[in-house]
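What follows is a short report on a single structure.
In full-length UniProt numbering, the protein residues as written are 1 to 282.
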């Protein structure tokens, strides 16, 4: 199954056992959902649904993963079973909570999950009438099985080793100014993990309309960026493990699956009194 679905294909899809999730994040997420969402879409919030509450970002970053038990409870509440087809979108071209939720479902082995290419804006551009009525979920009659964990993650120690290993690659997907340490709007220290390359997700992944670039174009760009490193030996991170999932989806769409997610990302690394890089490396 492709990780992406186009709005026209979604409109024509069999709605049997299909759950559409409007996954947004940060301030005003629920208000933005109520202002206009796809009819029948259930609201999912980055905080607290897709991240655990933390008082110390030095241990896991600003958006650590929830426990497998909590995630299974969320899926059950949303009426999702292992057989459910899930389509998720957000209002940030999939770059925010939608890609994070897609990755989380993939990481627990859920077989049918896609992101709406272009997010809610694609629906607006297509002329779809949005709803302002909140959809109340019907919980699944059988609890979603608690997964063993989220596959495809690495910890801070492994990232530090990989960044200085020529057979591995660490990709920082934040915008170049943050990577270079010229600005840092969210974390305490500006800069990047020494040895990591910069591949800003908006520049690499998105076209002018806010949709993912064609698979062959993405494959060419990331094949060049990876060089001789295999996708499965690649680690992707961002500020707090959210937008990095946009690049993980891009790699999957490009036919280059297997890269790992450093969930803690810069928000964890920068709080550990570890080396900081500010040189440019693409």
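All C-beta atoms, glycine included, are put in the ideal place defined by N, C-alpha and C.
Cα-Cα separation between residue i and residue j, rounded to whole angstroms
i, j, result
"residue 16", "residue 165", "48 Å"
"residue 231", "residue 169", "9 Å"
"residue 179", "residue 142", "45 Å"
"residue 216", "residue 199", "17 Å"
"residue 221", "residue 188", "31 Å"
"residue 235", "residue 161", "11 Å"
"residue 334", "residue 163", "Outside the modelled stretch of the chain, which goes from 1 to 282, sits residue 334, for which no answer is possible."
"residue 181", "residue 59", "22 Å"
"residue 18", "residue 86", "6 Å"
"residue 239", "residue 138", "34 Å"
"residue 80", "residue 103", "16 Å"
"residue 176", "residue 212", "19 Å"
"residue 204", "residue 214", "11 Å"
"residue 112", "residue 1", "7 Å"
"residue 9", "residue 206", "20 Å"
Where residue i falls, given that 16 or more other Cβ within 10 Å makes a residue buried
i, result
"residue 38", "buried"
"residue 183", "exposed"
"residue 278", "exposed"
"residue 272", "exposed"
"residue 115", "buried"
"residue 49", "buried"
"residue 287", "No information on residue 287 is available, as it lies outside the stretch 1 to 282 that the chain covers here."
"residue 75", "buried"
"residue 284", "Limits of the chain in this structure are 1 at one end and 282 at the other, which puts residue 284 out of reach."
Beta-carbon proximity list for residue i, same chain, < 8 Å, skipping 5 on both sides
i, result
"residue 197", "169, 170, 171, 172, 225, 281 and 282"
"residue 68", "108, 146, 147, 148, 149 and 150"
"residue 210", "93, 118, 119, 121 and 122"
"residue 186", "62, 239, 240 and 267"
"residue 255", "215 and 219"
DSSP three-state assignment for residue i, whether helix, strand or coil
i, result
"residue 287", "Because the chain spans 1 through 282 in this model, residue 287 falls outside it and cannot be assessed."
"residue 176", "helix"
"residue 193", "coil"
"residue 128", "coil"
"residue 90", "coil"
"residue 110", "coil"
"residue 22", "strand"
Sequence-distant residues of the same chain with beta carbon closer than 6 Å to residue i, five excluded per side
i, result
"residue 126", "7"
"residue 258", "231 and 232"
"residue 44", "21 and 23"
"residue 63", "51, 240, 241 and 242"
"residue 66", "52"
"residue 98", "23, 88, 89, 90 and 115"
"residue 78", "42 and 137"
"residue 262", "154, 159, 235 and 237"
Own chain residues within Cβ distance below 7 Å of residue i, not counting five before or after
i, result
"residue 41", "20, 21, 22 and 135"
"residue 57", "267, 268 and 271"
"residue 92", "119"
"residue 32", "24 and 91"
"residue 34", "132 and 134"
"residue 101", "21, 23, 44, 50 and 88"
Worksheet item: What are the complete alpha helix (DSSP H) segments, minimum 4 residues, inside the region 54-83?
Response: 68-77
Worksheet item: What runs of the beta strand (DSSP E), each 3 residues or longer, lie entirely inside the region 201-279?
Response: 234-237 and 260-262
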